[in-house]
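Notes for the one structure printed next.
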Amino acid sequence: MKTRNLVIVIMTVAALGTALVLKTVLAQTGDSNRATVDDLVAANRVLAHEIGVLDAYGHVSVRDPRNPNRYYLSRAISAGMVTAADIIEYDLDSQSIGNNRPDGYLERFIHGEIYKARPDVMAVIHAHSPEMIAFGASSVPLRNMIHTGSFINDGVPVFDVRKFGGTADDMLIRNPALGKALAQALGRKTAIIMFGHGVAITGPSLATAVSNAYFLNMNARVQEQAIRLGGTVSYLEREPGAEPPTNVAPAGAAANNRAWEYWKRQVTTK
Numbered sequence: 488m489k490t491r492n493l494v495i496v497i498m499t500v501a502a503l504g505t506a507l508v509l510k511t512v513l514a515q516t517g518d519s520n521r522a523t524v525d526d527l528v529a530a531n532r533v534l535a536h537e538i539g540v541l542d543a544y545g546h547v548s549v550r551d552p553r554n555p556n557r558y559y560l561s562r563a564i565s566a567g568m569v570t571a572a573d574i575i576e577y578d579l580d581s582q583s584i585g586n587n588r589p590d591g592y593l594e595r596f597i598h599g600e601i602y603k604a605r606p607d608v609m610a611v612i613h614a615h616s617p618e619m620i621a622f623g624a625s626s627v628p629l630r631n632m633i634h635t636g637s638f639i640n641d642g643v644p645v646f647d648v649r650k651f652g653g654t655a656d657d658m659l660i661r662n663p664a665l666g667k668a669l670a671q672a673l674g675r676k677t678a679i680i681m682f683g684h685g686v687a688i689t690g691p692s693l694a695t696a697v698s699n700a701y702f703l704n705m706n707a708r709v710q711e712q713a714i715r716l717g718g719t720v721s722y723l724e725r726e727p728g729a730e731p732p733t734n735v736a737p738a739g740a741a742a743n744n745r746a747w748e749y750w751k752r753q754v755t756t757k
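Following our numbering, the numbering of the sequence shown begins with 488 at its first residue and continues without gaps.
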């Protein structure tokens, strides 16, 4: 009986501890931003469990919709395990707000420096997609194959951190200078391949960033399959010199919320 009571006490203390952490997070972010935190938690799980973009080491962030100089990112934990209590608020220098948080992702500078350089970006994803690493290592460029990947027509540059001080043994974006170099190489594009490492993907909303990640990986797989079939491969590209239309939403944009709500429901009802 004593052992059972001790277990109950331990479980109660643990639950109270989790509740206290969550209360602290909400106090820092404000109740009105609870929806943003909840969506970020869902995005982590969607990317990890539902569409298979993130492995145990990838991460996703979202800019604070109320304060463009802040963003939210989980502590260093596998994306599929993230809860609201794991979310940390950062400034654009990737310094945690309030209490010092040494448990953050080492590569949080990917997020902070892209937000700093791109006011239009509201969400950033860093993944280690094998498909992207393959194209980064090949002379074959990633080209658009599917209508929902029209942003690929703007180009997907390749960033090699070794040109900025990285080595073959350390390709991590571990400081602001490397994050800034990555953001500059990204320019106005939607995504950038990180040679030997992975990819960074952006979006004007969290839902769009998740969709972009999904379609980017799908496009890479379709291109690989088409090349393996042999023969001439036809690409879905704009006419030379053509600019993307300014009054037409990109293909798939109208369906982003539909896909997002579906994916989110899949991970929140399990």
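Even glycine gets a Cβ: it sits at the ideal position worked out from N, Cα and C.
Considering only the beta carbon of each residue, do residue i and residue j sit closer than 8 Å?
i, j, result
"Glu618", "Arg557", "no"
"Asp590", "Arg630", "no"
"Val697", "Leu534", "yes"
"Pro691", "Asp578", "no"
"Ala655", "Ile601", "no"
"Gly567", "Arg595", "no"
"Ala604", "Val549", "no"
"Tyr701", "Met632", "no"
"Gly636", "Leu541", "no"
"Asn640", "Arg725", "yes"
At the level of alpha carbons, what is the spacing between residue i and residue j?
i, j, result
"Asn715", "Tyr544", "Rather than Asn, the amino acid found at residue 715 in this sequence is Arg. Each residue's Cα considered, the two are about 30 Å apart."
"Tyr559", "Pro663", "17 Å"
"Ile680", "His615", "10 Å"
"Met705", "Ile612", "16 Å"
"Val643", "Ala572", "34 Å"
"Ala746", "Val524", "19 Å"
"Glu537", "Val754", "7 Å"
"Pro555", "Glu748", "24 Å"
"Asp551", "Gly717", "47 Å"
"Asn744", "Pro727", "31 Å"
"Glu576", "Asp526", "14 Å"
"Val569", "Ala729", "42 Å"
"Ala522", "Arg752", "15 Å"
"Ala621", "Gly539", "17 Å"
"Arg675", "Gln582", "25 Å"
"His634", "Pro731", "13 Å"
"Arg649", "Pro628", "20 Å"
Might you give, ordered along the chain, the residues of its own chain that have their beta carbon closer than 6 Å to the beta carbon of residue i, omitting 5 neighbours on each side?
i, result
"Ala668", "Phe651"
"Thr490", "Residue placement at Thr490 is poorly supported in this model, since its pLDDT is 47, which falls under 50; the coordinates still yield a value, given next. Excluding residues within five positions, none has a Cβ falling inside 6 Å."
"Ala687", "Ile597, His613, Ile679"
"Ala530", "Val547, Leu693, Val697"
"Phe682", "Gly623, Val645, Asp647"
"Lys757", "none"
"Trp750", "Val533, Glu537"
"Gly666", "Phe596, Ile597, Glu600, Ile660"
"Gln710", "Met632"
Buried or exposed: residue i, going by 16 or more other Cβ atoms within 10 Å of its Cβ?
i, result
"His684", "buried"
"Ser626", "exposed"
"Val528", "buried"
"Asp657", "exposed"
"Asn699", "buried"
"Gly653", "buried"
First and last residue of the alpha helix (DSSP H) that includes residue i?
i, result
"His536", "His536 -> no alpha helix (DSSP H), and no H or E assigned at all."
"Ala614", "Ala614 -> not in any alpha helix (DSSP H); beta strand (DSSP E) instead, spanning 610-614."
"Met705", "693-716"
"Met619", "617-624"
"Phe596", "596-604"
For the beta strand (DSSP E) that residue i lies in, which residues bound it at each end?
i, result
"Ala687", "685-690"
"Leu560", "557-561"
"Glu576", "574-578"
"His546", "546-550"
"Ala664", "From DSSP, Ala664 is part of no beta strand (DSSP E) but of the alpha helix (DSSP H) over 663-673."
"Ala571", "Neither: Ala571 is in no beta strand (DSSP E) and is coded neither H nor E."
"Ile564", "Looking at the DSSP string, Ile564 is not in any beta strand (DSSP E), and its letter there is neither H nor E."
"Ala678", "678-681"
Looking only at its chain, what residues have a beta carbon closer than 7 Å to the beta carbon of residue i, apart from the 5 residues adjacent to it on each side?
i, result
"Val720", "Ala713, Ile714"
"Asp580", "Gly599, Pro663"
Within its chain, find whatever has a CB closer than 8 Å to the CB of residue i; leave out the 5 residues flanking it on each side and keep chain order.
i, result
"Asn520", "Asp551, Pro552, Arg553"
"Ala672", "Pro644, Phe646, Ile679"
"Ile564", "Asp573"
Given 7 Å as the limit, tell me if residue i has its C-beta closer than that to any heavy atom belonging to the ligand PLP.
i, result
"Arg708", "No copy of the ligand PLP occurs in the structure displayed, which carries no ligand at all."
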